[in-house]
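Notes follow the structure.
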Amino acid sequence: MALFRIGPNNENAQFLRGEGVYLRPPEMRDFEEWSGLRERSRDFLTPWEPTWPADDLTRTAFRRRVRRHQQEIDSNESFAFLVFRDDDVLVGGLTVGQVKRGVVQAATLGYWIGEPFANHGFMTRAVRAGVIFAFGTLRLHRVEASCLPHNIPSTRLLERVGFTREGYARAYLRINGVWEDHLLYGLVETDQTPARPRQGRL
């Protein structure tokens, strides 16, 4: 995985390279493809996500989203990426968010995949790239993730990447209008993972 600066008009854009995928912050030029994939995947994603605002797929809402993500990147609070295949097709999104410094040095990991691209390994590769970014570029000590107990694909993904199941949180997040229990996962920089057979930073 590598981190690049891309394009003369995107000098501040961070570009992450994974195996067969790349990640970059969303831009307004992504609106049509993003909104189209989210709409086609609505039924697939709804059980796993917070309730979508009524205007969620509008251009105005996407513009606000892009602006907010850039502000969060500039303040080193959160890093939202869209995930693309190497042929430039959008497949999903990933966020390294809630970055905490001081004695914590940790962040949370979130992700989504469009229904046409699920179960093809794209998000596993994207998560590995996101973890490498967190431990490498951001120099964090710990990355945390959570998922619904019955979201078997997500639990398998996290464990495949090297996360350890650490706990169970009751009524942890409001998903699709309901406070849902979640499994809690963690990965620390010294863990041995499939992406990193020896101790040390990813």
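Under full-length UniProt numbering, think of the first position of the sequence shown as 1, with each following residue one higher.
The beta carbon of each residue, even a glycine, is placed where N, CA and C say it ideally should be.
So residue i packs on residue j, CB below 8 Å; how close in whole Å?
i    : j    : result
L138 : R165 : At roughly 23 Å, the Cβ-Cβ gap does not stay under 8 Å, so L138 and R165 are not in contact.
L187 : G162 : 6 Å
Which term fits residue i, buried or exposed, when burial requires 16 or more other beta carbons within 10 angstroms of its beta carbon?
i    : result
G143 : Here the sequence assigns Val to residue 143, which means Gly is not the residue at that position. Buried, since its Cβ has 16 or more Cβ neighbours within 10 Å.
W179 : exposed
S75  : exposed
R40  : exposed
R128 : buried
H120 : exposed
What residue range does the beta strand (DSSP E) around residue i cover?
i    : result
Q98  : L90 to K100
E27  : From DSSP, E27 is part of no beta strand (DSSP E); its letter is neither H nor E.
T190 : That residue, T190, is in no beta strand (DSSP E); it is neither H nor E in DSSP.
E144 : R142 to C147
Rank the options by C-alpha distance to the C-alpha of residue i and give the top, closest one.
i   : options                 : result
F44 : P53, I113, R29 and E19  : I113
L94 : A107, A106, R85 and F79 : F79
For residue i versus residue j, is the C-beta distance shorter than 8 Å?
i    : j    : result
E49  : I175 : yes
L82  : W34  : yes
F31  : F62  : yes
G18  : R156 : no
F133 : L16  : yes
Y111 : G97  : no
L109 : G136 : no
A169 : H141 : no
Y22  : D87  : no
For the alpha helix (DSSP H) that residue i lies in, which residues bound it at each end?
i   : result
A61 : R59 to D74
W34 : F31 to R40
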